[in-house]
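Just so you know, we're using my numbering here: the sequence shown kicks off at 8 and counts up by one.
Glycine included, each C-beta is placed from N, C-alpha and C at the ideal position.
All values derive from a computational prediction rather than experimental measurement.
Accompanying notes for the structure given below.
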Amino acid sequence: MKKDDIKNIKQLLETPKQIVIVPHKNPDGDAIGSTLGLYHYLLKHKHQATVIAPNDYPDFLKWMPEEPKILKYDSQKEPSDMLIAKADIIFTLDFNALNRTGDMEDALSASDAIKIMIDHHQQPENYAVYSYSDVSMSSTCEMVYNFIDMLGDKNLINEAIASCLYAGILTDTGSFRFPSTTSKTHEVAGYLIDKGANHSEIYNQIFDNNSYERLQLLGRALSNLKVLPEYRTAYITLTQDELNEYNFKKGDTEGFVNYGLSLNNIIFAAIFIEDTQNNIIKISLRSKGSFSVNEFSRAHFEGGGHTNAAGGKSNLDLKSTVENFISILPSYKNALNNE
Ligand code: 5GP
Ligand code: MN
C-alpha cells in the first residue's frame with residue numbers, strides 16, 4: 008500500500024465514521040477472522056462499525072469475540088441495506104471482485120462510501136478507492152495485522168483482535184503448512200499469541216469440533232475418491248443424497264479436498280459437491296507447486312482464487328461435470344507432469 012494512501016486513511020479514521028466491513032460469500036476462517044479483527048480495531052477508534060456477511064458460515068467459526076453481532080445479508084437485508092447506504096467507509100476483505108458478495112453486489116456498487124479493499128486473491132478488480140492487494144500474503148488476516156501496523160497502532164492489538172486474526176492465519180495457511188506461510192507469518196502469529204490469542208484453544212475450536220455425522224461424511228467422501236495417476240490428479244464427488252444422508256451442515260466439507268493432495272505423487276485435487284438448491288456443482292480445487300488452479304478455474308469453471316487453492320462451479324449435472332473435468336485434463340498433461 009502506498010505511503011500516501013496510508014496517510015489519507017489515517018486521516019480519514021481520525022474522526023468517528025460509519026463503517027461497514029464485508030467478507031465474501033460463504034465466508035471462511037480468514038474472511039470472518041479478518042472482518043471481526045478489523046471490527047475490534049475500529050471500535051478502539053470509536054467508529055460505528057458493523058460486519059455484514061453475505062450469508063451464514065460454519066459453526067466452528069462462531070466462537071470469535073462479538074461474532075453474534077455480524078449481520079447476514081440474505082436474512083437481514085433491510086437493516087443491512089440501510090447501513091450500506093449510509094456508510095462513510097466500506098471495507099471489503101478477503102475477496103477481489105464485488106460479485107464475490109453474491110446478492111450484496113448491487114447495494115455495494117450503489118453506495119458512494121469510500122471503499123477500502125484488503126485482499127490476497129489474484130487479479131483484483133478496481134472498485135476500491137484504496138486497495139491493499141498482495142497475492143503473496145498468507146491470509147487477509149496477516150494483511151489486517153500489517154494494515155494496523157502501517158497505521159502505527161500495533162500496540163492497540165488486544166486479545167479480541169489477536170484471536171480473530173490468529174484464527175484466519177491458521178485456517179488460510181492450512182495450519183502453517185502452505186507455501187504462502189513465511190517467517191513473517193510466524194512472527195505475526197507470535198505477536199498475536201503474545202497479545203492474548205490462545206493458539207491451542209483456537210485450534211480446538213476450529214478443528215476438533217467435528218460432529219459424528221461430519222466424520223461419517225468424510226468417510227463417504229474418501230471412499231468416493233478417484234485417482235488419475237497419469238494426470239497426477241485425484242478427485243472426490245459428493246451427491247446431494249449423500250450430503251442429506253449425513254445431515255450436511257455448512258462447513259462440513261471444508262478441507263475434504265486436501266485429502267486428495269495428501270496422496271503420494273498427486274499434485275492436483277478436486278472435489279465436486281452437488282447443490283440441488285442452487286442447481287450447481289460447487290467445485291474446490293487445490294494444487295501443489297506452480298500448477299495454477301486459479302487459471303484452471305477461470306478457464307473452465309467460472310471461478311478463481313489463488314495458485315494453489317481456488318473455487319468454481321458448473322451448471323451441468325454431477326456426472327457430466329466430472330466427465331467434462333476429465334476431458335479437460337489431457338491438455339494439462341504436460342503441465343501436471345512437469346511439476
Ligand atoms: P474454496 O475451495 O475453499 O471454496 O476456495 C478456495 C479459494 O478460492 C478461496 O480463497 C476462495 O476465496 C476462492 N474461491 C472460491 N470460490 C471462488 C469463486 O467462485 N470465484 C473466485 N474468484 N474465487 C473463489
Ligand atoms: Mn483468505
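Does the Cβ-Cβ distance between Leu100 and Val29 come in under 8 Å?
-> The count along the sequence shown starts at 1 and reaches residue 100 at position 93. The count along the sequence shown starts at 1 and reaches residue 29 at position 22. Val29 is positioned such that its CB atom lies closer than 8 Å to that of Leu100.
C-alpha distance - Cys148 paired with Ile39, whole-angstrom precision | By one-based count along the sequence shown, residue 148 stands at place 141. By one-based count along the sequence shown, residue 39 stands at place 32. When the Cα atoms are used, Cys148 and Ile39 turn out to be separated by approximately 9 Å.
Could you please give the first and the last residue of the uninterrupted alpha helix (DSSP H) stretch that includes Ile96?
-> Numbered from its first residue, the sequence shown carries residue 96 at position 89. Careful: Ile96 lies outside any alpha helix (DSSP H), inside the beta strand (DSSP E) at 96-100.
Quick one: grab the DSSP three-state call for Leu245.
-> Numbered from 1 along the sequence shown, position 238 holds the residue referred to as residue 245. Here Leu245 sits in strand by DSSP.
Beta-ladder partner(s) of Ile121, from DSSP | Here residue 121 refers to the residue found at position 114 when the sequence shown is read from its first residue. Under DSSP, the beta-bridge partners assigned to Ile121 are Ile96.
DSSP three-state call for Glu237: helix, strand or coil?
-> Sequence index remark: in the sequence shown, residue 237 carries index 230 (1-based). Reduced to three states, the DSSP call for Glu237 is helix.
From Ala277, Val329, Leu250, Ser299, residue whose alpha carbon lies closest to that of Ala241 | For the purposes of this step, residue 241 is identified with residue 234 of the sequence shown, where counting begins at 1. Nearest C-alpha to Ala241: Ala277.
Tyr137 by DSSP, collapsed to three states: which one?
-> Your numbering for residue 137 matches position 130 in the sequence shown. In the structure shown, Tyr137 sits in a strand (DSSP, three-state: E or B).
In terms of alpha-carbon separation, which member of Leu45, Val27, His52, Asp35 lies closest to Gln18?
-> Position 11 of the sequence shown, counted from the first residue, corresponds to residue 18. Scanning Leu45, Val27, His52, Asp35 for the CA closest to the CA of Gln18 turns up His52.
Ala104 versus Glu346 - alpha carbon distance | Here residue 104 refers to the residue found at position 97 of the sequence shown. Here residue 346 refers to the residue found at position 339 of the sequence shown. Looking at the two C-alpha atoms, the distance is approximately 30 Å.
Taking Cβ positions only, does Phe67 come closer than 8 Å to chain D?
-> The structure shown contains no chain D; it is built from a single protein chain.
Does the separation of the CB atoms of Tyr80 and Met124 fall below 8 Å?
-> On the sequence shown, residue 80 is found 73 positions in, with the first residue counted as 1. On the sequence shown, residue 124 is found 117 positions in, with the first residue counted as 1. Contact flag unset, no.
Pick out every residue whose C-beta is nearer than 5 Å to a heavy atom of the ligand 5GP: which are they, in chain order?
-> Ordered along the chain, the selected set is Ser291, Gly310, Gly311, Gly312, Ala316, Ala317, Gly318.
What do you reckon, is the C-beta of Ser146 under 7 Å from a heavy atom of the ligand MN?
-> Locating residue 146 in the sequence shown gives position 139, counting from the first residue. At least one heavy atom of the ligand MN is nearer than 7 Å to the Cβ of Ser146, so yes.
When the Cα atoms are used, what is the spatial distance from Asn133 to Ser230?
-> Along the sequence shown, one-based indexing puts residue 133 at 126. Along the sequence shown, one-based indexing puts residue 230 at 223. The alpha-carbon atoms of Asn133 and Ser230 are separated by roughly 43 Å.
Do Ile333 and His307 have their C-beta atoms closer together than 8 Å?
-> Counting from one through the sequence shown, the residue named residue 333 turns up at place 326. Counting from one through the sequence shown, the residue named residue 307 turns up at place 300. Cβ distance not < 8 Å, so Ile333 and His307 don't count as in contact.
Rounded straight-line distance, which links the Cα of Lys122 to that of Phe98 = Indexing the sequence shown from 1 puts residue 98 at position 91. Indexing the sequence shown from 1 puts residue 122 at position 115. Between the alpha carbons of Phe98 and Lys122 lies a distance of about 6 Å.
For the 8 Å Cβ check, are there 3 or more pairs between the region 55-63 and the region 75-89?
-> With the cut-off at 8 Å, the region 55-63 and the region 75-89 touch.
Going by DSSP, what residues sit across from Glu281 in a beta bridge?
-> As a first step, residue 281 must be located in the sequence shown, where it is residue number 274. Beta-bridge pairing by DSSP links Glu281 to Ile288.
Top-ranked residue by Cα proximity to Asn217, from Gly258, Gly203, Lys202 = Taking the sequence shown and counting its residues from 1, the one referred to as residue 217 is at position 210. Nearest in C-alpha terms to Asn217, of all of Gly258, Gly203, Lys202, is Gly258.
How many whole angstroms separate the CB atoms of Ile155 and Tyr48, which I take to be in contact at a CB cut-off of 8 Å?
-> As a first step, residue 155 must be located in the sequence shown, where it is residue number 148. As a first step, residue 48 must be located in the sequence shown, where it is residue number 41. Between the beta-carbon of Ile155 and that of Tyr48 there is about 6 Å, and that keeps the pair under the 8 Å contact cut.
Could you give the distance in angstroms between the alpha-carbon of Gly319 and the alpha-carbon of Ile168?
-> Numbered from its first residue, the sequence shown carries residue 319 at position 312. Numbered from its first residue, the sequence shown carries residue 168 at position 161. Going by the C-alpha atoms only, they are around 31 Å apart.
Measure how close the beta-carbons of Gly312 and His128 come, nearest whole angstrom, since I'm counting them as under 8 Å.
-> The residue you call residue 312 lines up with position 305 of the sequence shown. The residue you call residue 128 lines up with position 121 of the sequence shown. The beta-carbon separation of Gly312 and His128, rounded to 6 Å, stays under the 8 Å limit for a contact.
Of the choices Thr180, Ser294, Pro72, Pro186, whose alpha-carbon is the least far from that of Tyr238?
-> Along the sequence shown, read from residue 1 onward, the residue named residue 238 stands at position 231. Considering only alpha carbons, the answer is Ser294.
Is it the case that the CB of Asp141 approaches a heavy atom of the ligand MN more closely than 7 Å?
-> The sequence position of residue 141 within the sequence shown is 134, counting from 1. The answer is no for Asp141.
Expressed to the nearest angstrom, what Euclidean distance is found between the alpha-carbon atoms of Lys256 and Pro65?
-> For the purposes of this step, residue 256 is taken as residue 249 along the sequence shown, with counting starting at 1. For the purposes of this step, residue 65 is taken as residue 58 along the sequence shown, with counting starting at 1. Rounded to the nearest angstrom, the two C-alpha atoms are 8 Å apart.
When the Cα atoms are used, what is the spatial distance from Asp11 to Met157?
-> Here residue 11 is taken as the residue at index 4 of the sequence shown, counted from 1. Here residue 157 is taken as the residue at index 150 of the sequence shown, counted from 1. Each residue's alpha carbon lies about 11 Å from the other.
Residues bridged to Ser294 [DSSP beta-bridge criterion] | By one-based count along the sequence shown, residue 294 stands at place 287. DSSP output for Ser294 lists Phe275 as bridge partner(s).
Cα separation between Leu199 and Lys161?
-> Indexing the sequence shown from 1 puts residue 199 at position 192. Indexing the sequence shown from 1 puts residue 161 at position 154. Their backbone Cα atoms lie some 10 Å apart in a straight line.
Separation of Gln223 from Glu330, as counted between CA atoms | Translated into the one-based positions of the sequence shown, residue 330 becomes position 323. Translated into the one-based positions of the sequence shown, residue 223 becomes position 216. Approximately 26 Å, taken between the alpha carbons.
Please work out which residues of its chain come closer than 6 Å, Cβ to Cβ, to Ser146, disregarding the five sequence neighbours upstream and downstream, and give them in chain order.
-> In the sequence shown, counting from the first residue as 1, residue 146 sits at position 139. The residues Asp37, Gly175, Ile176, Asp179, in chain order, have a CB closer than 6 Å to that of Ser146 in the same chain once the five nearest residues on each side in sequence are set aside.
Classify Gly267 as helix, strand or coil using the three-state DSSP reduction.
-> The count along the sequence shown starts at 1 and reaches residue 267 at position 260. Gly267 falls in the helix class under three-state DSSP.
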